[in-house]
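Report on one structure; see the data block that follows.
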Amino acid sequence: MNKQTMRMCYLGEMVYVDFEYHGAIRGAREIGSGIRLEPDEPANVELIDVRTCDESVYGFYSEEELDNLAHLILREIHSDPDED
-14 MNKQTMRMCY LGEMVYVDFE YHGAIRGARE IGSGIRLEPD EPANVELIDV RTCDESVYGF
46 YSEEELDNLA HLILREIHSD PDED
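My numbering numbers the first residue of the sequence shown as -14 and each following residue consecutively.
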């Protein structure tokens, strides 16, 4: 597990988000023609926990709010010039 933590303001509250980042994977291609044999998988973020200091608040967020939070983290990662 490659857990990372990001501190951010979300829905008016400062939270610490524990997550795993999975980079994009290009599916297999046929040699020569380049025809796709397997689908590409986009980068994604798997949320592990959302905390305020030491208290978990993950269960207080709706599925839509958690999806939005994961999208914000993914956008932040991709906008970071230091990220490889």
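Yeah, the Cβ is synthetic: ideal placement off N, Cα and C, and Gly gets one too.
All values reported here derive from a predicted model rather than from experimental measurement.
Practice task
Pull up the distance between the alpha-carbon of Gln(-11) and that of Leu22, whole angstroms please.
Solution key: Against the sequence shown, residue -11 aligns to sequence position 4. Against the sequence shown, residue 22 aligns to sequence position 37. Computed Cα separation, rounded: 32 Å.
Practice task
Identify which residue in Phe4, Arg14, Ile20, Gly8 has its Cα closest to the Cα of Ile33.
Solution key: Sequence index remark: in the sequence shown, residue 33 carries index 48 (1-based). Looking at the Cα atoms, Phe4 is the closest of the given residues.
Exercise for the section: Examine the Cβ distances between the region 42 to 49 and the region 9 to 16 and report whether three or more of them are shorter than 8 Å. Expected result: no
Exercise for the section: Taking only the alpha-carbon atoms, compute the straight-line gap between Gly12 and Pro27 and give it to the nearest angstrom. Expected result: Position 27 of the sequence shown, counted from the first residue, corresponds to residue 12. Position 42 of the sequence shown, counted from the first residue, corresponds to residue 27. Whole-angstrom Cα-Cα distance: 10 Å.
Handout entry: Opening and closing residue of the alpha helix (DSSP H) in which Arg60 lies
Key = As a working mapping, residue 60 is identified with position 75 in the sequence shown. Note, Arg60: alpha helix (DSSP H), 48 to 64.
Handout entry: Ile10 burial status per 10 Å Cβ neighbour count (16 or more: buried)
Key = Taking the first residue of the sequence shown as 1, we reach residue 10 at position 25. Per the 10 Å Cβ criterion, exposed.
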